[in-house]
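Heads up: the sequence shown runs through residues 5 to 357, numbered per the working numbering. Don't be surprised by glycine CBs; every beta carbon is placed ideally from N, CA and C. For reference, the structure discussed in these notes is given below.
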Amino acid sequence: MPHDYECAIIGTGGIARRHAQYYEASDRTRVVAGCDINQTRLDQFCDEHGIEHRYVDYQELLEDVRPQIVSVSTWNNRHAEIAIAAMEAGAEAILCEKPMGDDLGGPADAVAKADETGCKLVVHHQRRYTPAFRAVQQAIADGVIGGPVHVHIRSGGGMLNMASHLIDGCRWLLGDPGWTSVVGWIQRNTKRFERGTYAEEKSHALIEFEGGHELTLSLDMVDQRKEELFRVCGPEGVLHGTRDEASVINADGERKLEMQEQPGFFEALLQWMDGGPVHRCVGSEAVVTQELIMAIYQSARTRTRLEPPYDRRQSPLVEMIEAGELPAEGEPYDIRSDEALEWAMHHGEVEAL
5 MPHDYECAII GTGGIARRHA QYYEASDRTR VVAGCDINQT RLDQFCDEHG IEHRYVDYQE
65 LLEDVRPQIV SVSTWNNRHA EIAIAAMEAG AEAILCEKPM GDDLGGPADA VAKADETGCK
125 LVVHHQRRYT PAFRAVQQAI ADGVIGGPVH VHIRSGGGML NMASHLIDGC RWLLGDPGWT
185 SVVGWIQRNT KRFERGTYAE EKSHALIEFE GGHELTLSLD MVDQRKEELF RVCGPEGVLH
245 GTRDEASVIN ADGERKLEMQ EQPGFFEALL QWMDGGPVHR CVGSEAVVTQ ELIMAIYQSA
305 RTRTRLEPPY DRRQSPLVEM IEAGELPAEG EPYDIRSDEA LEWAMHHGEV EAL
């Protein structure tokens with residue numbers, strides 16, 4: 005049976021299997037090529053998913069195959085450059101992993117290239133498509149707890165890894181408002197990395213949004229905590245839960261919010277490609293999340309309250325570390341991928357600072 009779209013997956017690590025599941029679940033898509041710098045991992049993934057064409061160089065894949073949909077599921081610092089290359093090769097849609105990059109410049113360039121080419125760029129911030137987040141978003145919009153609201157989210161896993169989900173999810177809950185100020189704090193006393201990218205140990209931030217809404221973000225403040233919890237407080241009640249379930253407490257008592265069926269993340273992308281609504285995770289929204297992460301780092305560096313506009317292309321975290329402003333002790337370690345750290349250090353992309 006012919007398919008509407010031929011697809012390629014660049015980066016065949018763990019999250020790539022989720023991308024493959026999207027394509028395999030649709031009768032409109034077929035994965036025709038895969039790419040990874042690790043040949044063994046590439047072959048194992050392609051054998052598992054029946055993918056014929058295999059590349060260790062993504063530029064060769066894009067030139068030879070010209071896929072219509074491209075998944076970018078590599079390590080963080082390659083996301084933007086590969087997305088841009090895929091757009092230049094004629095891709096109609098890009099499904100890019102989060103974070104969009106390890107700085108702001110690359111992600112901003114990717115969004116600009118999507119505007120220029122008309123490519124449908126989405127970032128894998130799937131909180132926007134979880135039933136619990138959708139139920140909370142609707143409850144806030146309906147005024148169930150009044151407004152404006154204050155959101156507190158706590159989790160673990162580092163800023164680039166987890167704050168990309170959490171900040172983006174919070175903006176979705178609030179209706180994607182612009183931000184008005186950021187105050188941030190970070191700690192890095194050990195040589196912590198995340199998939200080969202510099203990472204802080206702990207972080208805390210207050211973000212103020214248009215409409216008077218606020219977000220307090222606490223990451224890694226409790227050692228070994230990975231559970232994601234959120235609380236939304238308004239003048240007339242409280243919403244609380246996880247990405248899987250949520251409850252409300254107000255004058256009517258306490259009750260669980262009803263979860264409703266809705267289009268899934270990938271189904272929504274196909275609908276957008278068919279001329280339907282713009283995807284909730286469009287790159288132009290995701291880059292605001294990237295901007296806020298960098299603003300938190302810059303606030304921590306300058307010890308000031310930042311207001312928009314924020315357009316510093318470089319990562320303030322990298323600048324702090326390389327300038328010796330965050331001296332660290334011990335051996336370097338990576339919280340997600342030792343292989344990524346070894347590769348980045350071997351190729352001179354990071355130093356054990």
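Nearest-angstrom Cβ-Cβ length linking residue i and residue j, presumed shorter than 8 Å
{"i": "K124", "j": "L273", "result": "7 Å"}
{"i": "A1", "j": "N193", "result": "Not covered by the structure: residue 1. The range shown for the chain is 5 to 357."}
{"i": "L415", "j": "H23", "result": "Outside the displayed span of the chain (5 to 357) sits residue 415, for which this structure offers no information."}
{"i": "G109", "j": "N81", "result": "Rounded, the Cβ-Cβ distance is 12 Å, inconsistent with contact."}
{"i": "V127", "j": "L310", "result": "Actually they do not touch by this definition, with Cβ atoms about 23 Å apart."}
{"i": "G216", "j": "P152", "result": "3 Å"}
{"i": "F241", "j": "I253", "result": "The amino acid occupying residue 241 in the given sequence is Gly; Phe does not appear at that position. That pair is a contact at about 6 Å."}
{"i": "R3", "j": "E271", "result": "No answer is possible for residue 3: the residues shown for the chain start at 5 and end at 357."}
{"i": "R131", "j": "W176", "result": "7 Å"}
{"i": "L221", "j": "I157", "result": "6 Å"}
{"i": "D107", "j": "R317", "result": "6 Å"}
Local conformation of residue i per DSSP, three classes
{"i": "A93", "result": "coil"}
{"i": "A29", "result": "helix"}
{"i": "S168", "result": "helix"}
{"i": "A356", "result": "coil"}
{"i": "K124", "result": "strand"}
{"i": "I144", "result": "helix"}
{"i": "L345", "result": "helix"}
{"i": "D107", "result": "coil"}
{"i": "H156", "result": "strand"}
{"i": "P239", "result": "coil"}
{"i": "D8", "result": "coil"}
beta-carbon residue i near the ligand GTP non-hydrogen atom, thresh 7 Å
{"i": "V291", "result": "This structure lacks the ligand GTP; in fact it carries no ligand of any kind."}
Own chain partners of residue i with C-beta closer than 6 Å, once the 5 adjacent residues on each side are dropped
{"i": "E218", "result": "H154 and E212"}
{"i": "W189", "result": "H208 and A304"}
{"i": "R368", "result": "Any question about residue 368 goes unanswered here, given that the chain covers just 5 to 357."}
{"i": "C3", "result": "Residue coverage of the chain in this structure runs from 5 to 357, which leaves residue 3 outside it and unanswerable."}
{"i": "E96", "result": "Q72"}
{"i": "G162", "result": "E198 and A203"}
{"i": "T16", "result": "G38, D40, R45, L46 and F49"}
Contact set for residue i: own chain, Cβ-Cβ below 7 Å, skip 5 residues either direction
{"i": "W347", "result": "G200"}
{"i": "M91", "result": "I98, K117, A118, T121 and C123"}
{"i": "S288", "result": "V115"}
{"i": "P320", "result": "M298, Y301, Q302 and R305"}
{"i": "L296", "result": "I171, W183, V186 and I211"}
{"i": "E214", "result": "P181, G182 and T184"}
{"i": "E335", "result": "K195"}
{"i": "A356", "result": "K195, P336 and M349"}
{"i": "Q191", "result": "E204, E205 and K206"}
Chain-order list of residues whose beta-carbon lies under 8 Å from that of residue i (same chain, five-residue window excluded)
{"i": "V36", "result": "E10, C11, A12, I55, E56, H57, V69 and P71"}
{"i": "Y337", "result": "T194, K195, R196, F197 and L345"}
{"i": "A255", "result": "E240 and G241"}
Would you check if there are 3 or more beta carbon pairs closer than 8 Å linking the stretch 112-119 to the stretch 85-103? Cβ pair count under 8 Å is three or more, so yes.
Between the stretch 132-151 and the stretch 105-115, are three or more C-beta pairs nearer than 8 Å? For the pair of segments examined, the stretch 132-151 was found not to touch the stretch 105-115: the number of CB pairs separated by less than 8 Å stays below three.
With a threshold of 8 Å, are at least 3 pairs of Cβ atoms found where one atom belongs to the stretch 64-74 and the other to the stretch 9-17? Judged by Cβ distances under 8 Å, the stretch 64-74 makes contact with the stretch 9-17, as three or more pairs qualify.
Entirely within the stretch 197-237 and at least 3 residues each: give me those beta strand (DSSP E) ranges in chain order. The qualifying runs are 206-213 and 218-223.
Unbroken stretches of the beta strand (DSSP E), 3 residues or longer, contained in the stretch 245-330: Taking only runs of at least 3 residues, the beta strand (DSSP E) segments lying wholly in the stretch 245-330 are 250-254 and 257-260.
Sequence ranges, beta strand (DSSP E) only - wholly within the stretch 170-198, length at least 3: The stretch 170-198 contains, as complete beta strand (DSSP E) runs of 3+ residues, the segments 183-191 and 194-198 (chain order).
When the Cβ atoms of the stretch 280-300 are set against those of the stretch 246-266, are three or more pairs found closer than 8 Å? Proximity of the stretch 280-300 to the stretch 246-266 falls short of the contact definition, fewer than three beta-carbon pairs being nearer than 8 Å.
Any chance you could list the alpha helix (DSSP H) runs of at least 4 consecutive residues sitting entirely within the stretch 22-88, in chain order? Correct list: 43-53 and 62-69.
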